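Chains as they are written, first to last, in our numbering: chain Z, 773 to 1196; chain R, 11 to 297; chain X, 2 to 277.
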Amino acid sequence: MRPTLISALVLITTLSALLAGCGSERGHLTLAVNSGVEGDALKQAAVDYEASSGVRIEVVELPYDNLFEKELIDLNSGTGAYDLIMLDDPWFPRFAVSEFLTDLGPMYEKRGQGGPDDDFIATSMALCRHPYETGRLYALPYVGNSQLFFYRKDLFEKHGLKEPSSWQEVLAAAKTIGERERSDDGGRLYGYVMRAEQGNAVVADFLPIFWAHGAEMFDPSGKPSVDSEEGVAALRLMLELGRHAPPGYASFNADEVSAHLLQGSAAMSINWPAWISAFTDPARSRVAGKMAFTTLPGERKPGQAEIGNWLIAIPKGSRNADAAFDFLAWATSPEQMKRSALRGNPPTRRSVFTDPELLAKFPAYPAQLRSLETSRPRPRTPLWNEIENTFGIFLSKANSGVLTPEEAMSQANAEIAKIVERNR
Amino acid sequence: MRKYLSLPFLLAAPALAVLLALSVYPLVYAIKVSLQVGAGDAARWGFGNFTRLFGDDLFRSALLHTFSYAALALTFEFLLGLGLALLLDRPLKGRGVFRALLLVPMMLPPVVVGVVWRLMLNPSFGAINGTLKGAGVDTDSLTWTASPSLAFASVVAVDVWQWTPFMFLVLLAGLQAIPREPYEAAMIDGASAWQTFTHVTLPLLKPAILIALLLRTMDLLRVFDQIFILTEGGPAFATETVSLYIYRTAFRFFDFGYAAAMSFALLVLTNIISVGYIRLLQRQEAA
Amino acid sequence: MKATLRLLKYAAVIMAALFGLIPVYWMVTISLKTEAAHFSVPPEWVGFGPTLEHYREAFFSRSFGRYLLTSAVVSVSSTALAMTVGTLAAYGLTRLRMPERASRRLSLWILSTRMFPPIVTIVPLFLMMRDLRLLDTVASLVIVYTAFNLPFVVWMMRGFFQELPRELEEAAMVDGDSRMGALVRVILPLVAPGLAATAVFCLIVSWNEFLFALVLTQTEAAMTLPVGIAGRVTQYEIKWGVMSAAGVVAMVPILAFAMAVQRYLVRGLSLGAVKG
C-alpha cells in the first residue's frame, strides 16, 4: 500500500508542477463571463468563433458578485488574466474612472472606421462612454436588458383590472388578486413578488419605484438625498407591496421570484427580459401564454425602467488587445447579435429588435424596445458598488421590519454620505 | 558535539522559514497596509483606518454577530456533544457504527454544507417547509432565511449541526481516558449519579473540555464559508460576520487598508480569548 | 426499567444520527432528480425516477472534471510538501538540545500561527501572490495550503516522536547508521500510522478549503471544487441539481478518507491533546 501511495504522490506533484506552468498566454483569448443565460450565449458564440477563426478562447464563468470582484482584482493589478470581460453596466464607472479599460476609439481608427455604427440603441451606447454619454468609448453593449413589468393577463381580465399605469394601481390589483385567487394546486396566489435580498437585488427592484415617486439618490450638488419625502413614500409603497408578497420575500432573489411566477403562485413582478423565454416554454412554465410584459408603472412621474446592460470591454492589462477587439467587433455585429438573441439575450441593436423573424418569436420585443429606449441608468459613480451594498442593507432592514421606512432612509442617507465623504 | 546540535536545527529550519514567510511576514505586511488610508497613488499614511473602526456601526454589529454566533453555537454544541458522549461512553451495541455515522456532517466541505442547508431551508421551496406544508402546517411565519432573527438562528443551527460531532468525539475520547478507580471510590462512598458526575467526571474531563472549547471558539470566530453560501450576510445584515465584512471591504470595495485594520481588531480579540483558554489549560496541567 | 432506559438511549442516538444524515441524503436525492421534481410539495424523499442528467452536465458541459483534478492536485501536493517539511522539523525539534520549556514555547508558537483567522492573512497573501505573479496558479494554492498545514504537521508529529525513546536511534547510530539513516530506517517506520493519519487530515483541510481558493484564482487554470460549486449560484437561478451533484462528488472522497482514519480522528482533531 505504502509504495503505491508514495508513487502516486510523486506523480501528482509532478503533474501539478506542469499544470502550474500554464497560465494565460499569448495567442489565445480568455473571456470572463457571468454564469447564467447571458454568459452562456457568449460562451456559445466563442465556440463558433473558435471554429471560424481558429483563435482559441477560454471562457471563465463566474457568479454575479464574484465576477465583479475577480474583474476588479485583475484590472487593478493588471494581471492580464482576462482579455475580454463581460461587465454589468453599473460597474463601468468604477473601471473607467480608474482607467482600467482599453480605449476603443484608436482600435476603430486602426481598422479605418470612425467608430461603432449607429444601429446600437442610444441608451445602451451611452453606458459605454466615460463620462456618461459624451466621453470616450471603453466598451460595447452586448445584452440589452432593461426591466419590464410582468403580470398575469388572464387574472387581470378575469377581475376587470386594466394594465397598471401607476404603483397605486399595482398595489390595488395585488390586493384584489391576492384576496380572490388561488393557485392551480389550491395554494395561495400572491399579488406581487419581488427580489428583496440584501445587496444588488433589493436595490434593483426598488429603484423604479423610487424614481417613479420623484425621488433621487443624489441632489444636484452630489449629496445623497435618499431620505427625501419622496424616497420615504416610495419605500413605504414597497413595504405595502411586500404585504401581498409570498412569506420570506425579504430573502428572495431572481431564483425565487421566477419560481413563484412560473408555478403560478404570484401574479406580478418586475423582471428582466431574459426570463421571457422561460415563461413561454410550457415545459418550464405553468403559465405559458398567460403572462403579459409591459413597461414600468409610474406614480408622481412617468415610469422608467432601470437599464441593466451587459457590456464587453478589454482590460488594459490584456496582452492580446487586438485579437480581443476583433472578437468584440464580431460578437456585437448584427448577424452575431441575432444569434445571441435567438439564444435568449435581448439585443442592443435596433435592427435586431425589428427583425421580423425575431419579432415572431419574441412578441415582447416592442415593449422591450420601448422600455430600453426610455430606461434610466443607476447613478454613474465609481462608488456605486459600495453605495448599493449599503443602501441594500437598509432597504433589507426595512423590508424585514427591523427599521421603519423613515429610519431606514435616514440611516442609509447618513451611511452613503460617509462613503461619499471618505472618497472625496 | 557541534554536529549533534546543528542537524536537528537544520531539519527544523525549512519549516520555520516557511512559517516566517507565510504567517509572520503577512502580518507585518498587513500592518503596513492598515496604515495606508485611501487607494493607489492617493494613499496617505496614518491611523485613519483604525479611528474609522470606532465610528463604524456596521463593523460593530458584525462583531456583535460574530461573538453572539460563537457563544450560542458553542453552548449548544457543548451541551449536545457532552450528552451524546455520555450516552456512548458505556458499552452499547453498534457503538462503532453510530460513532462513524455521527461524524459525517463534520467531514463535509463547508461549501457543501451551505448548499445542503440552502436546499433544506428555502422558505418557498425547501424540504423543511415542503414537508410541513404536506403535513398541513401553516408555514407562513417559518421563513428560515428571510427574517433577521430566524436567519441568525438558522445559521447557528447549521453550525451546531455540523460541529456537535466534533465536541462529541473529543469529549468521548476524554471520557474514555478517565481511569475506573475514582468511580469505584465514589460508589463505595455512596455518591449519587449526579454527585459522581459533578465531582468525578467533570473535573477529570476538564482538560478535554478546554481543548474542545478552545478549538471550536477559534473556528467559530473565523466563520465564513457556510454563511457566504447560505445567506451572504443578509437579511438586514443579521448574519453578517466580521470575516464576511472584511472580505467584502477588501475584495468588493477594494479598501485593503480598512480590511487590514479590521483584521487586526479581530486578531487581537481572538488572541485575548485564546490566551485566556491557554492560561486555564496550563493551570489545569500544573494542578 | 433498565430495558426502557436502554431503549431511550438508542432512540436518542438514532435520532441524532438521523438528524445528521437526513440533510445530506436530501442533497443526494436532489442531485438525482429532474429539475421539475426538485421542489414538489410534499417533497419526494424516495421513489422518484432518478436521472444522471446533473452529473452529466457537471462533468461534460461544465468544468467540474477540471475542478476535481485541480482539487486533487492541490490537496495531494500541499499535503506531500507539508508532511515532508513538517515531519523533518518535528523530528529536529524533539531532538534539539534545548530546555524542555523553550522547546515547548517554540512548538506552541508554531501551533499558534494556525490559530490566525485566515481572513487576517488573506489580504497580505493576496498582495504577495500578485507581486510574485503567482495569482491564479495551482502553485499559489499549494504554497498557501502547505503553510496552513505545516503547524499542524509539526505539532502532531512532535507528539508521535516524543513517545519514542532517544535510545532507539542512538542504538542505530552506534551500529553505524548516520542520524538521517536512523531516522529513515528506524524512526519513520515506527511512526508510520501517525504519518498516515496526519496526512489524511492535511488532505481533508486542503480539499475543503474555500476562502483562499476563492480569492487567489481567476480562471479555470486553478479553480478548485468548492469554488466551482459556489459558482453555480447564477444571477437568474440557482443550479440546484448541478450544485448538488458536485457537492456529492466533493463529499465522497472526504468521507472515505475520514472513515479510513477513524482510529486517529480524535487525536488529529484535538491536535493530539486528548489521546483517542
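Note that the Cβ used here is the ideal one computed from N, Cα and C, for glycine as well. Predicted model only: the values in this text are computed from it and were never measured.
Does the count of Cβ pairs from the region 250-270 of chain X and the region 189-207 of chain X closer than 8 angstroms reach three?
-> yes
Nearest chain Z C-beta to residue 261 of chain R closer than 8 angstroms, yes or no?
-> By one-based count along the second sequence, residue 261 of chain R stands at place 251. Output row for residue 261 of chain R: interface = yes.
Which whole-angstrom value is the C-beta distance of residue 168 of chain R and residue 127 of chain R, which I expect to be below 8 angstroms?
-> Here residue 168 of chain R refers to the residue found at position 158 of the second sequence. Here residue 127 of chain R refers to the residue found at position 117 of the second sequence. The Cβ separation is near 5 angstroms, so the contact holds.
Which residues in the same chain have their Cβ closer than 6 angstroms to the Cβ of residue 52 of chain X, if we skip the five residues on either side of it in sequence?
-> Taking the third sequence and counting its residues from 1, the one referred to as residue 52 of chain X is at position 51. Excluding positions up to five away in sequence, the list reads 35.
Nearest CA to the CA of residue 89 of chain R: which residue from R:19, R:121, R:150 and R:180?
-> In the second sequence, counting from the first residue as 1, residue 89 of chain R sits at position 79. Residue 89 of chain R has its Cα closest to that of R:180, out of R:19, R:121, R:150 and R:180.
Taking 8 angstroms as the CB-CB limit, is residue 1174 of chain Z close to chain R?
-> Taking the first sequence and counting its residues from 1, the one referred to as residue 1174 of chain Z is at position 402. True, the Cβ-Cβ gap to chain R drops below 8 angstroms.
Residue-level contact to chain X via CB, residue 838 of chain Z, 8 angstroms cutoff | Your numbering for residue 838 of chain Z matches position 66 in the first sequence. It does: the Cβ of residue 838 of chain Z has a partner Cβ on chain X nearer than 8 angstroms.
Output, in sequence order along the chain, the residues in the region 128-149 of chain X whose CB is closer than 8 angstroms to any CB in chain Z.
-> 131, 134, 136, 137, 138, 139, 140 and 143
Straight-line gap, residue 1017 of chain Z to residue 1137 of chain Z (C-alpha atoms, nearest Å) | Counted from its first residue, the first sequence places residue 1017 of chain Z at position 245. Counted from its first residue, the first sequence places residue 1137 of chain Z at position 365. Answer to the nearest angstrom: the Cα atoms are 28 angstroms apart.
Measure how close the beta-carbons of residue 1050 of chain Z and residue 1056 of chain Z come, nearest whole angstrom, since I'm counting them as under 8 angstroms.
-> In the first sequence, the residue the question calls residue 1050 of chain Z occupies position 278. In the first sequence, the residue the question calls residue 1056 of chain Z occupies position 284. Rounded, the Cβ-Cβ distance is 5 angstroms, consistent with contact.
Inter-residue Cα distance where the pair is residue 111 of chain R and residue 145 of chain R | Position 101 of the second sequence, counting from 1, holds the residue named residue 111 of chain R. Position 135 of the second sequence, counting from 1, holds the residue named residue 145 of chain R. Each residue's alpha carbon lies about 28 angstroms from the other.
Can you list the residues of chain X that residue 108 of chain R reaches, using a CB-CB cut of under 7 angstroms?
-> Looking up residue 108 of chain R in the second sequence gives position 98. Within 7 angstroms Cβ-Cβ: 14 and 18.
From residue 214 of chain X to residue 924 of chain Z, what distance separates their C-alpha atoms?
-> Within the third sequence, numbered from 1, the residue matching residue 214 of chain X stands at position 213. Within the first sequence, numbered from 1, the residue matching residue 924 of chain Z stands at position 152. The straight-line gap from Cα to Cα measures roughly 44 angstroms.
Classification of residue 1035 of chain Z by the beta-carbon crowding that lies within 10 angstroms, buried from 16 upward = As a first step, residue 1035 of chain Z is located in the first sequence; it is residue number 263 there, counting from the start. Result: buried.
When the Cα atoms are used, what is the spatial distance from residue 177 of chain X to residue 227 of chain R?
-> Residue mapping note: residue 177 of chain X aligns to position 176 of the third sequence, counting from 1. Residue mapping note: residue 227 of chain R aligns to position 217 of the second sequence, counting from 1. Their backbone Cα atoms lie some 49 angstroms apart in a straight line.
What's the gap between the Cα of residue 92 of chain R and the Cα of residue 164 of chain X?
-> By one-based count along the second sequence, residue 92 of chain R stands at place 82. By one-based count along the third sequence, residue 164 of chain X stands at place 163. C-alpha separation (whole angstroms): 29 angstroms.
Among Z:1080, Z:1079 and Z:1095, which residue has its Cα nearest to the Cα of residue 1086 of chain Z?
-> Position 314 of the first sequence, counting from 1, holds the residue named residue 1086 of chain Z. Minimum Cα distance to residue 1086 of chain Z is reached at Z:1095.
Can you pull the chain Z residues whose beta carbon is under 7 angstroms from the beta carbon of residue 31 of chain X, in chain order?
-> Looking up residue 31 of chain X in the third sequence gives position 30. Residues of chain Z passing the Cβ test: none, with the nearest at roughly 14 angstroms.
Please name the residue or residues paired with residue 802 of chain Z in a DSSP beta bridge.
-> Stepping through the first sequence from its first residue, residue 802 of chain Z is reached at position 30. DSSP lists Z:830 as partners of residue 802 of chain Z.
Going by the beta-carbon positions, is the gap between residue 1206 of chain Z and residue 1080 of chain Z smaller than 8 angstroms?
-> The requested residue 1206 of chain Z does not occur in the structure, where chain Z is confined to residues 773 to 1196.
Kindly say whether residue 238 of chain X, judged by its beta-carbon, lies nearer than 8 angstroms to any beta-carbon of chain Z.
-> If you number the third sequence from 1, residue 238 of chain X lands on position 237. Taking Cβ atoms only, chain Z reaches closer than 8 angstroms to residue 238 of chain X, which makes this a yes.
Could you check what DSSP says for residue 1185 of chain Z in three-state terms: helix, strand or coil?
-> One-based indexing of the first sequence puts residue 1185 of chain Z at position 413. Note: residue 1185 of chain Z maps to helix in three-state DSSP.
So, helix, strand or coil for residue 923 of chain Z, using DSSP?
-> Here the question's residue 923 of chain Z lines up with position 151 in the first sequence. Strand, per DSSP.
Hey, which unbroken runs of the alpha helix (DSSP H) at 4 residues or more fall wholly within the region 829-864 of chain Z?
-> 836-849
What residue does the alpha helix (DSSP H) around residue 172 of chain X start on, and which one ends it?
-> Stepping through the third sequence from its first residue, residue 172 of chain X is reached at position 171. Unbroken alpha helix (DSSP H) run through residue 172 of chain X: 168-175.
Identify which residue in R:56, R:64, R:69 and R:99 has its Cα closest to the Cα of residue 250 of chain R.
-> Counted from its first residue, the second sequence places residue 250 of chain R at position 240. The residue with the shortest Cα to Cα distance from residue 250 of chain R is R:69.
Cα-Cα separation between residue 947 of chain Z and residue 802 of chain Z, rounded to whole angstroms = Start at 1 with the first residue of the first sequence, and residue 947 of chain Z comes out as number 175. Start at 1 with the first residue of the first sequence, and residue 802 of chain Z comes out as number 30. Using only the alpha carbons, I get a separation of about 50 angstroms.
Whole-angstrom C-beta distance between residue 223 of chain X and residue 71 of chain X, which should lie under 8 angstroms = In the third sequence, counting from the first residue as 1, residue 71 of chain X sits at position 70. In the third sequence, counting from the first residue as 1, residue 223 of chain X sits at position 222. Their Cβ separation, rounded to whole angstroms, is 6 angstroms, which keeps residue 71 of chain X and residue 223 of chain X in contact under 8 angstroms.
Residue(s) in a DSSP beta bridge with residue 1070 of chain Z = Position 298 of the first sequence, counted from the first residue, corresponds to residue 1070 of chain Z. Z:938, per the DSSP bridge assignment.
Output the distance between the C-alpha atoms of residue 231 of chain X and residue 121 of chain R, rounded to the nearest integer angstrom.
-> The count along the third sequence starts at 1 and reaches residue 231 of chain X at position 230. The count along the second sequence starts at 1 and reaches residue 121 of chain R at position 111. The straight-line gap from Cα to Cα measures roughly 7 angstroms.
Give a yes or no on whether the minimum CB-CB distance between residue 208 of chain R and chain X is below 8 angstroms.
-> Locating residue 208 of chain R in the second sequence gives position 198, counting from the first residue. Residue 208 of chain R does not count as touching chain X.
DSSP three-state assignment for residue 962 of chain Z, whether helix, strand or coil = Looking up residue 962 of chain Z in the first sequence gives position 190. Three-state result, residue 962 of chain Z: strand.
For the region 993-1019 of chain Z, which residues have a beta carbon sitting closer than 8 angstroms to at least one beta carbon of chain R?
-> 1018 and 1019
According to DSSP, is residue 902 of chain Z helix, strand or coil?
-> Walking along the first sequence from the start, residue 902 of chain Z turns up at place 130. It is a strand residue.
Compute the beta-carbon to beta-carbon distance between residue 1124 of chain Z and residue 1113 of chain Z, rounded to the nearest angstrom, for a pair I have assumed lies under 8 angstroms.
-> Counted from its first residue, the first sequence places residue 1124 of chain Z at position 352. Counted from its first residue, the first sequence places residue 1113 of chain Z at position 341. Right, their Cβ atoms sit about 6 angstroms apart.
Using a beta-carbon distance below 8 angstroms, is residue 844 of chain Z in contact with chain R?
-> Within the first sequence, the letter at position 72 stands for residue 844 of chain Z. Yes, its Cβ sits closer than 8 angstroms to a Cβ of chain R.
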